[in-house]
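Be aware that the sequence shown starts at 84, since it is given in our numbering, and climbs by one per residue.
The C-beta atom is built at its ideal place from N, Cα and C for all residues, glycine as well.
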Amino acid sequence: MRRTLIVGGGAAGMTAAIAAAREGDAVTLLEHTDTLGKKILSTGNGRCNLTNRRQGEEFYHSENPGFPFPALDRFGFEETLRFFGELGLFFRERDGYVYPRSLQAKAVRESLISELSRKTVEIRTGCRIHKAEKMAGGTFLIETEETSFEADALILACGGMAAPHTGSDGSGYRLAESLGHRLIPPVPALTGLFAASNPIKKAAGVRTEGTISLYVEENGKRRLLGSDTGEFQITDYGISGIPAFQVSRHGARALSEGKTVSASLNFLPEYRKEEAEELLLHLLSGEGDALRILCGLFPEKLAAVFLKKAGIPLRVPAGLLGEKRAKTLSGLVCRFPLEIRAVNDFSKAQVTAGGVDTRDVRAETMESELVSGLYFAGEILDVDASCGGYNLQWAWASGFLAGKQGRP
Ligand SMILES: Cc1cc2nc3c(=O)[nH]c(=O)nc-3n(C[C@H](O)[C@H](O)[C@H](O)COP(=O)(O)OP(=O)(O)OC[C@H]3O[C@@H](n4cnc5c(N)ncnc54)[C@H](O)[C@@H]3O)c2cc1C
Numbered sequence: 084m085r086r087t088l089i090v091g092g093g094a095a096g097m098t099a100a101i102a103a104a105r106e107g108d109a110v111t112l113l114e115h116t117d118t119l120g121k122k123i124l125s126t127g128n129g130r131c132n133l134t135n136r137r138q139g140e141e142f143y144h145s146e147n148p149g150f151p152f153p154a155l156d157r158f159g160f161e162e163t164l165r166f167f168g169e170l171g172l173f174f175r176e177r178d179g180y181v182y183p184r185s186l187q188a189k190a191v192r193e194s195l196i197s198e199l200s201r202k203t204v205e206i207r208t209g210c211r212i213h214k215a216e217k218m219a220g221g222t223f224l225i226e227t228e229e230t231s232f233e234a235d236a237l238i239l240a241c242g243g244m245a246a247p248h249t250g251s252d253g254s255g256y257r258l259a260e261s262l263g264h265r266l267i268p269p270v271p272a273l274t275g276l277f278a279a280s281n282p283i284k285k286a287a288g289v290r291t292e293g294t295i296s297l298y299v300e301e302n303g304k305r306r307l308l309g310s311d312t313g314e315f316q317i318t319d320y321g322i323s324g325i326p327a328f329q330v331s332r333h334g335a336r337a338l339s340e341g342k343t344v345s346a347s348l349n350f351l352p353e354y355r356k357e358e359a360e361e362l363l364l365h366l367l368s369g370e371g372d373a374l375r376i377l378c379g380l381f382p383e384k385l386a387a388v389f390l391k392k393a394g395i396p397l398r399v400p401a402g403l404l405g406e407k408r409a410k411t412l413s414g415l416v417c418r419f420p421l422e423i424r425a426v427n428d429f430s431k432a433q434v435t436a437g438g439v440d441t442r443d444v445r446a447e448t449m450e451s452e453l454v455s456g457l458y459f460a461g462e463i464l465d466v467d468a469s470c471g472g473y474n475l476q477w478a479w480a481s482g483f484l485a486g487k488q489g490r491p
């Protein structure tokens, strides 16, 4: 019987264990924390957004851009619903975002754990791994603090470095490197953006609709890295919320390379640029003070930040502003500039961008190109995705393929 050993009992590792056990392998799952699937419990604010009906290349990122798609073609949205449906889960879908019907992430984790037990997967928790090596005879030797294991196939599913309190502390990268694999330097992704001397700090706590566009300076030119629209939150350090999360991976990578990153915030994203300017100029030519007029469009704290930045006294009668100042104001509303100094660290990030270089991994099977019988699954690989169920979709898809080990 083929012995498959999996390191990491998260979303990807558990899926890999189930797929391998269904193939008839003798499967052992090693997890270094005291429990399986800790991170799943915090996903989707405890509700677990496990996949998304809207799939597309734009949602998945890697330095090797085509890599995720053979896996997602084989185990995509429909296969994920079928897989969990067979484990007894029912679903709730909102705008394509899929959750367990109970809206409890625990239900997702428990469905996997029950299947592991039904398939008699041997589970070892609290297991610290010192060493993993490929032996001359072709098998793998994995040494832990207490014992050692021999296996015909080894699957590394240790996650990245995001939310390390859930167990993903980067130790999987050391195992991959010890087996000869290269890394794309890991950086935090799906996380908040820190603004230098945060000019919108006075509006901290405000949640508002807007578009964030992130730019990098290269050879004296500004290049757009990414842009997203939705509800973001102004914080005392900068910007948080989904649009900031979505662009953060690009900012984190550029900052890690020592580049200058800036953001432009548009607080009237529902209007075209000229329409927004026209609207503001029209409103500011009317009666009442500037602050009161802007409060018809924006939360007061934010309106006050715009006026202060434009050097306009809050209570100045709007009619006295003059076209030049009104234009400065409308420029700020539609293109508020922020210098981005950093992104939040791994403790606050939802995922890791970077990881095991996928150029050394076969996209059809998740097998290493360098060491036969070695497979990777989930976030340990240099694949990260947008918010919306796509990171878990990647964990399920790559976990399933790694567990299959090239079997049809
Ligand atoms: C707060 C939060 C909310 C999120 N919400 C969503 C969401 O709603 N939808 C979505 O799609 N994605 C979400 N994500 C991202 C998603 O949870 C991850 O991308 C996904 O869980 C990755 O699965 P994984 O199995 O690859 O890694 P992990 O879930 O990190 O699992 C890795 C496992 O390996 C273990 N391990 C690590 N190193 C070793 C070692 N050396 N030896 C033994 N065991 C080891 C770890 O303890 C852990 O149990 C969220 C993430 C966070 C932090």
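1) Between residue 258 and ligand 1, is there a pair consisting of the residue's CB and a ligand heavy atom that are separated by less than 7 Å?
2) Which of the three DSSP states is assigned to residue 376 in this structure?
3) Suppose contacts are defined by Cβ-Cβ distances below 8 Å. Is residue 451 in contact with residue 464 by that definition?
4) Using a Cβ-Cβ cutoff of less than 6 Å, which residues in the same chain neighbour residue 322 once the five nearest sequence positions on both sides are dropped?
5) Excluding five sequence neighbours on each side, which residues of the same chain lie with their C-beta closer than 8 Å to the C-beta of residue 440?
6) Just to confirm the assignment: which complete beta strand (DSSP E) runs, minimum length 3, are found wholly within the segment 308-342?
7) Taking just the CA atoms, how far does residue 94 sit from residue 121?
8) Going by CA-CA distance only, name the one from 261, 241, 262 that's closest to residue 252.
9) If you reduce the DSSP assignment to three classes, tell me which class residue 101 lands in.
10) Going by beta-carbon coordinates alone, are residue 124 and residue 189 separated by less than 8 Å?
11) Per DSSP, residue 227 forms a beta bridge with which residues?
12) What does the alpha-carbon distance come out to for the pair residue 346 and residue 359?
13) I'd like the list of long-range same chain contacts for residue 135, defined as Cβ closer than 8 Å, with 5 residues on each side in sequence excluded.
14) Report all residues from its chain with a CB closer than 8 Å to the CB of residue 175; omit the five preceding and five following residues, and keep chain order.
15) Quick one: residues in its chain with C-beta nearer than 6 Å to the C-beta of residue 106, no 5 flanking neighbours on either side, listed in chain order?
16) Name, in chain order, the residues that DSSP records as bridge partners for residue 274.
17) Within the same chain, show all residues whose beta-carbon is closer than 6 Å to that of residue 153, passing over the 5 residues directly before and after it, in chain order.
18) Residues in the same chain with beta-carbon distance under 7 Å from residue 434, minus the five sequence neighbours each way, listed in chain order, please.
19) Specify the secondary structure class of residue 281 as computed by DSSP and reduced to three states.
20) Would you check whether ligand 1 has a heavy atom nearer than 7 Å to the C-beta of residue 123?
21) Within this structure, are the beta carbons of residue 426 and residue 331 separated by less than 8 Å?
22) Sorted by chain position, which residues of the same chain lie with C-beta nearer than 7 Å to residue 279's C-beta, five sequence neighbours on each side aside?
23) Quick check: the segment 296-308 against the segment 355-371, are at least 3 beta-carbon pairs closer than 8 Å?
24) Examine the Cβ distances between the segment 210-224 and the segment 383-403 and report whether three or more of them are shorter than 8 Å.
25) If I follow the unbroken alpha helix (DSSP H) through residue 362, where does it start and stop?
26) Excluding five sequence neighbours on each side, which residues of the same chain lie with their C-beta closer than 6 Å to the C-beta of residue 342?
27) The beta strand (DSSP E) with residue 347 in it runs from where to where?
28) Cβ of residue 316 versus every heavy atom of ligand 1: is any distance shorter than 7 Å?
29) With respect to 7 Å, is the separation between the Cβ of residue 212 and the closest non-hydrogen atom of ligand 1 below this value?
30) Relative to the alpha-carbon of residue 367, which residue among 413, 225, 205 has its alpha-carbon at the smallest distance?
31) List the DSSP bridge partners of residue 467.
32) On a Cα-Cα basis, can you pick out the residue from 102, 247, 237 that is closest to residue 258?
33) Just the C-alpha distance for residue 449 and residue 173, rounded to the nearest angstrom, thanks.
34) Could you check if residue 430 is buried or exposed, using at least 16 other CB atoms within 10 Å of its CB as the buried criterion?
35) Helix, strand or coil: which one does DSSP assign to residue 31?
36) Going by DSSP, which residues form a beta bridge with residue 439?
Inspection of the coordinates gives the following:
1) Walking along the sequence shown from the start, residue 258 turns up at place 175. Yes, Cβ of residue 258 sits closer than 7 Å to a heavy atom of ligand 1.
2) For the purposes of this step, residue 376 is taken as the residue at position 293 of the sequence shown. Three-state result, residue 376: helix.
3) Mapped onto the sequence shown, residue 451 falls at position 368. Mapped onto the sequence shown, residue 464 falls at position 381. The answer is no: Cβ separation not under 8 Å.
4) In the sequence shown, counting from the first residue as 1, residue 322 sits at position 239. Closer than 6 Å at Cβ, skipping near neighbours: 276, 315.
5) For the purposes of this step, residue 440 is taken as the residue at position 357 of the sequence shown. Counting only Cβ-Cβ distances below 8 Å, and skipping sequence neighbours, we find 146, 147, 264, 265, 266, 267, 465.
6) 321-324
7) For this step, residue 121 is matched to residue 38 along the sequence shown. For this step, residue 94 is matched to residue 11 along the sequence shown. Taking the straight line joining both Cα atoms gives about 9 Å.
8) Mapped onto the sequence shown, residue 252 falls at position 169. Residue 241 is the option with its Cα nearest to residue 252.
9) On the sequence shown, position 18 is the one that residue 101 refers to. When secondary structure is reduced to three states using DSSP, residue 101 falls in the helix class.
10) The residue given as residue 124 occupies position 41 in the sequence shown. The residue given as residue 189 occupies position 106 in the sequence shown. Closer than 8 Å, so yes.
11) As a first step, residue 227 must be located in the sequence shown, where it is residue number 144. According to DSSP, residue 227 bridges with 212.
12) Residue 346 sits at position 263 when you count from the first residue of the sequence shown. Residue 359 sits at position 276 when you count from the first residue of the sequence shown. Looking at the two C-alpha atoms, the distance is approximately 19 Å.
13) The sequence position of residue 135 within the sequence shown is 52, counting from 1. Excluding sequence neighbours, residue 135 sits near 142, 160, 179, 180, 181, 471, 472, 473, 476.
14) Working through the sequence shown from its first residue, we reach residue 175 at position 92. Closer than 8 Å at the Cβ level, and outside the excluded window around residue 175, lie 181, 182, 183, 184, 186.
15) Residue numbering aside, residue 106 sits at position 23 when the sequence shown is read from its first letter. Excluding the 5 residues flanking it on each side, residue 106 has same chain C-beta neighbours closer than 6 Å at 490, in chain order.
16) In the sequence shown, residue 274 corresponds to position 191, counting from 1. Paired residues: none, contrary to the question.
17) For the purposes of this step, residue 153 is taken as residue 70 along the sequence shown, with counting starting at 1. Excluding residues within five positions, the ones whose Cβ falls inside 6 Å are 446, 447.
18) Looking up residue 434 in the sequence shown gives position 351. If we look at residue 434 and ignore the five residues flanking it on each side, its Cβ neighbours are 243, 245, 272, 273, 462, 467, 474.
19) Taking the sequence shown and counting its residues from 1, the one referred to as residue 281 is at position 198. Here DSSP, grouped into helix, strand and coil, assigns residue 281 to coil.
20) Numbered from 1 along the sequence shown, position 40 holds the residue referred to as residue 123. Yes.
21) In the sequence shown, the residue the question calls residue 426 occupies position 343. In the sequence shown, the residue the question calls residue 331 occupies position 248. Their beta carbons are under 8 Å apart, which means residue 426 touches residue 331 by this criterion.
22) By one-based count along the sequence shown, residue 279 stands at place 196. Cβ within range, chain order: 422, 424.
23) Touching, no.
24) no
25) By one-based count along the sequence shown, residue 362 stands at place 279. First-last of the alpha helix (DSSP H) with residue 362: 356-366.
26) Along the sequence shown, read from residue 1 onward, the residue named residue 342 stands at position 259. Closer than 6 Å at the Cβ level, and outside the excluded window around residue 342, lie 299.
27) Numbered from its first residue, the sequence shown carries residue 347 at position 264. That run of the beta strand (DSSP E) goes 344-349.
28) The sequence position of residue 316 within the sequence shown is 233, counting from 1. No, Cβ of residue 316 sits at least 7 Å from all heavy atoms of ligand 1.
29) The residue given as residue 212 occupies position 129 in the sequence shown. Look at residue 212: its beta carbon is less than 7 Å from one of the heavy atoms in ligand 1.
30) Counting from one through the sequence shown, the residue named residue 367 turns up at place 284. Here the closest residue by C-alpha is 413.
31) Locating residue 467 in the sequence shown gives position 384, counting from the first residue. According to DSSP, residue 467 bridges with 144.
32) Your numbering for residue 258 matches position 175 in the sequence shown. The candidate whose alpha carbon is nearest that of residue 258 is 237.
33) Along the sequence shown, read from residue 1 onward, the residue named residue 449 stands at position 366. Along the sequence shown, read from residue 1 onward, the residue named residue 173 stands at position 90. The alpha-carbon atoms of residue 449 and residue 173 are separated by roughly 29 Å.
34) Here residue 430 refers to the residue found at position 347 of the sequence shown. Its Cβ having fewer than 16 others within 10 Å, residue 430 is exposed.
35) As shown, the chain starts at 84 and ends at 491. That puts residue 31 outside it, with no answer to give.
36) As a first step, residue 439 is located in the sequence shown; it is residue number 356 there, counting from the start. Paired residue(s): 266, 464.
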